[in-house]
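Have a look at the structure below before the remarks.
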Amino acid sequence: MGNGIQARKHVQMMRFIRPIESITIWGRDSAHIGRFAAWCREETGLPIEVKQTPEKAVNGADIICTVTASKSPLLRLKDLKPHCHVNAVGASAPGFQEFDADVYAGVELYVDSQDAAWQASTCLQEARENRLISAQYPISEIGELGDALSSRRTSRSKPTVFKSVGIAAQDLVFARAVVRMCP
Numbered sequence: 015m016g017n018g019i020q021a022r023k024h025v026q027m028m029r030f031i032r033p034i035e036s037i038t039i040w041g042r043d044s045a046h047i048g049r050f051a052a053w054c055r056e057e058t059g060l061p062i063e064v065k066q067t068p069e070k071a072v073n074g075a076d077i078i079c080t081v082t083a084s085k086s087p088l089l090r091l092k093d094l095k096p097h098c099h100v101n102a103v104g105a106s107a108p109g110f111q112e113f114d115a116d117v118y119a120g121v122e123l124y125v126d127s128q129d130a131a132w133q134a135s136t137c138l139q140e141a142r143e144n145r146l147i148s149a150q151y152p153i154s155e156i157g158e159l160g161d162a163l164s165s166r167r168t169s170r171s172k173p174t175v176f177k178s179v180g181i182a183a184q185d186l187v188f189a190r191a192v193v194r195m196c197p
């Protein structure tokens, strides 16, 4: 969901780590969506579908990437199938929101930083304010991912969500690693 540079990079990276069979697109601007769909076809050679609503775009999806600047919820928990994974990297500042607060009541949540996520994620804040989740809600940071997967993940009955609000220090570490890999 979304059609800017982040969406393009997510298409490229998801294909690198998972066997993607098709791509479904949704966005607010039909001209941008048309250009993005054409780019996806040329870049991937995969079947591309454009959907008219966010709910239709994620229907049956195994991997969902939300890379929008939405200020109102686009998805509810009922829109996500039980074993899907969501990379939620849009709406990374207060006032922006891609999910209804009910999403966090029914997913396993992973974040780049707990402190930053609580401060920047409007839908996470609303979930706590509406008592859909408590202060003890289990959140794992990506630095703890190995431990979290071995101790918490016992079934595939819930969707998983990685909520990124962007941590500059992590970006720098990643960039340094990439530079070191280059000859």
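Per the numbering used here, numbering of the sequence shown is gapless, rising by one per residue and ending at 197.
Think of the CB as a built atom: it goes at the ideal place given N, C-alpha and C, for glycine as much as any other residue.
All values reported here derive from a predicted model rather than from experimental measurement.
Check this for me: beta carbons of Leu138 and Asp116, under 9 Å apart or not?
no
Over what stretch of residues does the beta strand (DSSP E) that includes Ile153 continue unbroken?
153-155
In angstroms, rounded to a whole number, what distance separates the CA positions of Ser171 and Glu122?
10 Å
Quick one: is Tyr124 buried, meaning 16 or more other Cβ sit within 10 Å of its Cβ, or exposed?
buried
For the alpha helix (DSSP H) that contains Val25, what are its first and last residues?
19-31
For Ile19 and Ile31, the rounded distance between their alpha carbons
19 Å
Would you kindly check if the distance between the Cβ of Ser135 and the Cβ of Ser106 is under 9 Å?
yes
In three-state terms, what does DSSP make of His46?
helix
What are the start and end residues of the alpha helix (DSSP H) that includes Leu60?
First-last for Leu60: undefined, no H or E at that position.
Less than 9 Å between the beta carbons of Gln111 and Lys85, yes or no?
yes
Quick one: Cα of Pro152 to Cα of Asp76, how far?
23 Å
For the alpha helix (DSSP H) holding Leu138, just list the boundary residues, first then last.
136-143
Please go through the same chain and pick out, in chain order, the residues whose beta-carbon is closer than 7 Å to the beta-carbon of His24, but skip the five residues on each side of it.
Cys79, Val81, Asn101
Counting C-beta neighbours from all protein chains within 10 Å, is the total for Asn17 16 or more, i.e. buried, or is it exposed?
buried
Give the DSSP-derived three-state secondary structure of Leu123 in the structure shown.
strand
Reference Val175; option with closest CA among Gly104, Arg194, Pro108, Ala83:
Gly104
Element boundaries [beta strand (DSSP E), containing Ala71]:
Premise fails: Ala71 lies in the alpha helix (DSSP H), 68-72, not in any beta strand (DSSP E).
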